[in-house]
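Here's the structure we're looking at; comments come further down.
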């Protein structure tokens, strides 16, 4: 494996993500998905117990649980090492979806005569990127059902391993999407400069 090439690709992907953050359409995908996955993971950290408690308490007490889970996204009343992986996965998933939304819009803008093709391409991007957060989120209640109370240490260890795998998968997905974003945005800027020069040349 060419490690220098691998590192260069990550640098390129990082530049692509930075360029994406300057686009409003990136934030349209990032903000809702970041909060959605962060809230969902925190609600499911103890299996389905929080949902059962919400059902038992009813309205309006259930909103206290939802509010606490929302604040937990930012580490409120959370141990640091419990909060960090949840925040990292929510952040990575938000960036992934933000990039997918941005890429779809840009492909649509560049080829407005063929929206169906743009939609198919974006669908393939989404499938290729996957949803690391979904697997991590669904793992907690599954572990609660499979393992008994006496096996919580085993369940916790497996959960940590899967969480780390989810983060690695998300980073690799970001690498690919970030590179594509960089190429598309730089190409757009080049075409805009070229078009401006041609317009100036004609008016001169």
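Numbering (the numbering used here), first residue to last: 118 to 321. A virtual CB, placed ideally from N, CA and C, is assigned to each residue, including glycine. Remember, predicted model here, so these are calculated numbers, not experimental data.
Handout entry: Span separating the alpha-carbon of residue 211 from that of residue 316
Key = The straight-line gap separating the alpha-carbon atoms of residue 211 and residue 316 is approximately 39 Å.
Problem - Host alpha helix (DSSP H) of residue 133 (start-end) - result: Run containing residue 133: 120-137, per the alpha helix (DSSP H) assignment.
Handout entry: C-alpha gap between residue 312 and residue 184, whole angstroms
Key = Straight-line Cα distance between these residues: approximately 50 Å.
Exercise for the section: Measuring alpha carbon to alpha carbon, tell me which of 207, 314, 306 ends up nearest residue 288. Expected result: Ranking the options by Cα distance to residue 288, first place goes to 207.
Exercise for the section: To the nearest angstrom, report how far apart residue 296 and residue 175 are at their CA atoms. Expected result: Approximately 47 Å between the Cα atoms of the pair.
Practice task
Pick out whichever of 292, 305, 160 has its Cα sitting closest to the Cα of residue 323.
Solution key: Residue numbering for the chain in the displayed model covers 118 to 321; residue 323 lies beyond these limits and cannot be assessed.
Handout entry: Spatial distance of residue 220 from residue 173 (CA atoms)
Key = Distance between residue 220 and residue 173, taken at the CA atoms: about 43 Å.
Handout entry: residue 307 vs residue 133 beta-carbon contact at 8 Å
Key = No; because the gap between Cβ atoms is not below 8 Å, this pair is not in contact.
Handout entry: Where residue 162 falls: helix, strand or coil (DSSP)
Key = Three-state result, residue 162: coil.
Handout entry: Beta-carbon contacts of residue 129 that lie in its chain and below 6 Å, excluding the five residues immediately before and after
Key = So the qualifying residues of the chain are 296, 299.
Problem - Span separating the alpha-carbon of residue 187 from that of residue 198 - result: So the two alpha carbons sit approximately 17 Å from each other.
Exercise for the section: Grab me the residues of residue 214's own chain with a C-beta within less than 8 Å of its C-beta, minus the 5 sequence neighbours each way, in chain order. Expected result: Exclusion of the five residues before and after residue 214 leaves 146, 147, 150 as the residues of its chain whose Cβ lies within less than 8 Å of its Cβ.
Practice task
Let me know if residue 154 comes out buried or exposed under the rule of 16 or more other beta-carbons within 10 Å of its beta-carbon.
Solution key: Its Cβ being crowded by 16 or more others within 10 Å, residue 154 is buried.
Practice task
Given a cut-off of 8 Å, decide if residue 159 and residue 203 are closer than it, judged by their beta-carbon atoms.
Solution key: Yes, Cβ-Cβ distance for residue 203 and residue 159 is below 8 Å.
Problem - residue 178 in three-state terms, based on DSSP - result: Coil at residue 178, not helix or strand.
Handout entry: residue 317 (DSSP reduced to helix, strand or coil)
Key = In this structure, residue 317 counts as helix in the three-state DSSP scheme.
Exercise for the section: Classify residue 137 as buried or exposed, calling it buried when 16 or more other Cβ atoms lie within 10 Å of its own Cβ. Expected result: So residue 137 ends up on the buried side.
Handout entry: Inter-residue spacing [alpha-carbon to alpha-carbon] between residue 196 and residue 205
Key = Straight-line Cα distance between these residues: approximately 14 Å.
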